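In this note's numbering, the protein residues as written are 29 to 353. Built from N, CA and C at the ideal position, the CB exists for glycine as well. Keep in mind that this is a model prediction, so the values were computed, not measured. Below: one structure, written as structure tokens.
Below, the structure written as structure tokens:
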């Protein structure tokens, strides 16, 4: 395994998508079957190929530093031939990037796969186009090291309401939050063009809330978004971010210049209804008051941890209320 990437991802997991335990979607037991594990590995491979093609905006078969959004040190460690760009092979060495991602995702149990309601290979298939529906589109904004599969239960609830959904695919999402916010702006503009919607709604997890807020406040997003619902977002920082050296983690540290600038003045943007949902058992957002925003509807789910907040019925209730017109 690429030693630099391995050590970086090892550190990232400490403040990643919220998994201090063995499962990113809760404590449902039962290991993956061999068939599900094989399907998962294939899904990760296909998603990586599609993701690479999407990021390769100039279609030259190589990703620049700007295209990846990775920290410079991580990028340099992956650039084995020192040509200033990353090929798909450099991103997926024999047991490297792809296998590490598959290992993270394979922490899903067989019971969780059943809860999701369809095979894991479908859950992990990259799909950036909005799903079908007639309501206001919803764009999901991932947190640090999040996978799209974490939003599946919320996505199903919104689909049942006739709401088209789209996912901002920026894995591993560990770099500059401003860069990710620019990517969100492009995604929202694409969804509006594809659906004809005047505005979209955002549902964000963890660092995704900071990405969304940066877009709303600094990139004109308040004119394109009606509602923001964030789950476990450290608007005032988290001490867990001190465990990782990446740019995104540094920006999430309490008192960071980034957070001071983002929260200066009114904490919520004018014209956008903001709902901030926090978990009472969140092991990664410390202090627990960090998600509370002046001017927002602040909701507490007492039993939710950082990675299980997606599954709580109270979360879905507060999300629905936060997205109501």
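Terminal residues of the continuous beta strand (DSSP E) containing residue i?
i	result
residue 255	253-259
residue 168	166-169
residue 299	First-last for residue 299: undefined, no H or E at that position.
Look at the alpha carbon of residue i and the alpha carbon of residue j, and state the distance between them as a whole number of angstroms.
i	j	result
residue 90	residue 227	34 Å
residue 346	residue 303	8 Å
residue 171	residue 262	11 Å
residue 282	residue 300	25 Å
residue 331	residue 319	16 Å
residue 210	residue 292	20 Å
residue 266	residue 311	10 Å
residue 178	residue 256	18 Å
residue 298	residue 200	30 Å
residue 338	residue 327	14 Å
residue 352	residue 315	29 Å
residue 260	residue 175	16 Å
residue 268	residue 251	33 Å
residue 115	residue 94	14 Å
residue 270	residue 233	19 Å
residue 85	residue 212	16 Å
Using alpha carbons as the reference points, say which of the options lies closest to residue i.
i	options	result
residue 306	192, 214, 342, 276	342
residue 295	324, 280, 179	324
residue 285	300, 298, 264	264
residue 203	100, 189, 241	100
residue 241	197, 184, 205, 218	205
Three-state secondary structure (DSSP) at residue i?
i	result
residue 199	coil
residue 341	helix
residue 205	helix
residue 250	helix
residue 224	coil
residue 193	strand
residue 351	helix
residue 276	helix
residue 307	strand
residue 244	helix
residue 91	strand
residue 114	strand
residue 96	helix
residue 101	helix
residue 147	Confidence in residue 147 is poor, its pLDDT being 49 and thus under 50, which makes the residue's placement unreliable; the coordinate value appears in the next sentence. It is coil, neither helix nor strand.
What residue range is occupied by the uninterrupted alpha helix (DSSP H) comprising residue i?
i	result
residue 231	Unbroken run through residue 231 is the beta strand (DSSP E), 228-233; no alpha helix (DSSP H).
residue 428	In the structure displayed, the chain extends from 29 to 353; residue 428 sits before or after that span and is not available.
residue 286	285-290
residue 180	180-188
On the CB-based measure, 16 or more other CB atoms within 10 Å of its CB, does residue i come out buried or exposed?
i	result
residue 275	buried
residue 87	exposed
residue 340	buried
residue 108	exposed
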